[in-house]
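J.:
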Amino acid sequence: MKFSIILLFTLVFYSNIFSQTYIKLNAPTTILGVPGLGVELPISKKLTFQLDVTTSFWNSVSNRYDRRPYIFNQIFPEVRYHFKELNNGFYLGAHVGSGMFKLSKNSSYALSNEYQYGYIIFTGITGGYQKKLKERWLLDFFVGGGWSKATYEGFNRRTGLRYDILSIINYSAQWIPYRGGIMLGYMF
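The sequence shown begins at 1238 in our numbering and counts up by one.
#1: On a CA-only basis, which of Leu1403, Tyr1400 and Glu1390 is nearest Ser1409? Give me that one, please.
#2: With H, G and I counted as helix, E and B as strand and the rest as coil, what does DSSP make of Thr1266?
#3: For Arg1399, is the beta carbon positioned less than 8 angstroms from some heavy atom of the ligand FMN?
#4: Grouping DSSP H, G and I as helix and E and B as strand, with all else coil, what is Ile1260?
#5: State whether the region 1348–1356 contacts the region 1365–1383, with contact taken as three or more CB pairs (one from each stretch) at a distance under 8 angstroms.
#6: Which residues share a DSSP beta bridge with Gly1381?
#7: Residue range of the beta strand (DSSP E) that Phe1327 falls in?
#8: Could you give the distance in angstroms between the alpha-carbon of Ala1387 and the alpha-carbon of Gly1330?
#9: If you check the beta carbons only, do Gly1365 and Phe1338 fall under 9 angstroms apart?
#10: With a threshold of 16 other CB atoms inside 10 Å of the CB of Phe1294, please say whether the residue is buried or exposed.
#11: Quick check: what's the CA-CA separation for Arg1373 versus Tyr1423?
#12: Mapping DSSP to helix, strand and coil, what is Ser1444?
In structure tokens, the structure reads:
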């Protein structure tokens, strides 16, 4: 708790010094019904801190496989290094993220009315390019990936019972691209 208060104070202090805090919206994912929001604030002349959240609320009550649950949230704190100046040009970032999900991993699970519920962690990098549009507006093109590890339990949608009771816990780990988009930012 003490660390969180110190971190919050430091970020607010630095954001007042540099006053280039951007609030962002991931336009493509939001249009598709999966909103992505972010806040980016400077912490030095070449570094920024971004916190972004992406959430899907798509839960279907239909038994059709194409209407399977697709509920998740992801949160990514990230430190970015800007090669030229802050919020203008190329950058590279490092992040650690986490999330929760309730979804059918693929169509074979969905066809048998099964879904997975669990937690996931991410560690990786993001590369991107920011272009200032006007005095207070910018576009942030980015893609990121790295290592992800999920632990989950499998459930049958009709009965609500676990179908994987013998395996106790399931997990999945891989190197994959897992984030990207075009964020529209507004500076305060």
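All C-beta atoms in this analysis are idealised placements derived from N, C-alpha and C, irrespective of residue type, glycine included. As the structure is a prediction and not an experimental result, all values here were calculated from the model.
T.: This is what the structure holds:
#1: Sequence index remark: in the sequence shown, residue 1409 carries index 172 (1-based). Closest by alpha carbon: Glu1390.
#2: Looking up residue 1266 in the sequence shown gives position 29. Helix, per DSSP.
#3: As for the ligand FMN, it is missing from this structure, which has no ligand bound.
#4: The residue labelled residue 1260 in the question sits at position 23 within the sequence shown. Here Ile1260 sits in strand by DSSP.
#5: The region 1365–1383 and the region 1348–1356 do not touch, with fewer than three beta-carbon pairs separated by less than 8 angstroms.
#6: Reading the sequence shown from its first residue, position 144 is the one you call residue 1381. BP columns for Gly1381 point to Thr1363 and Arg1416.
#7: Translated into the one-based positions of the sequence shown, residue 1327 becomes position 90. Phe1327 -> beta strand (DSSP E) spans Gly1326 to Leu1340.
#8: As a working note, residue 1387 is residue 150 in the sequence shown. As a working note, residue 1330 is residue 93 in the sequence shown. For Ala1387 and Gly1330, the distance between alpha carbons rounds to 22 angstroms.
#9: For the purposes of this step, residue 1365 is taken as the residue at position 128 of the sequence shown. For the purposes of this step, residue 1338 is taken as the residue at position 101 of the sequence shown. For Gly1365 and Phe1338, no; Cβs fall outside 9 angstroms.
#10: In the sequence shown, counting from the first residue as 1, residue 1294 sits at position 57. With fewer than 16 other Cβ atoms inside 10 Å of its own Cβ, Phe1294 counts as exposed.
#11: Within the sequence shown, residue 1373 is the residue found at index 136, counting from 1. Within the sequence shown, residue 1423 is the residue found at index 186, counting from 1. Cα to Cα, Arg1373 sits roughly 6 angstroms from Tyr1423.
#12: The structure shown has nothing for residue 1444, since the chain only spans 1238 to 1425.
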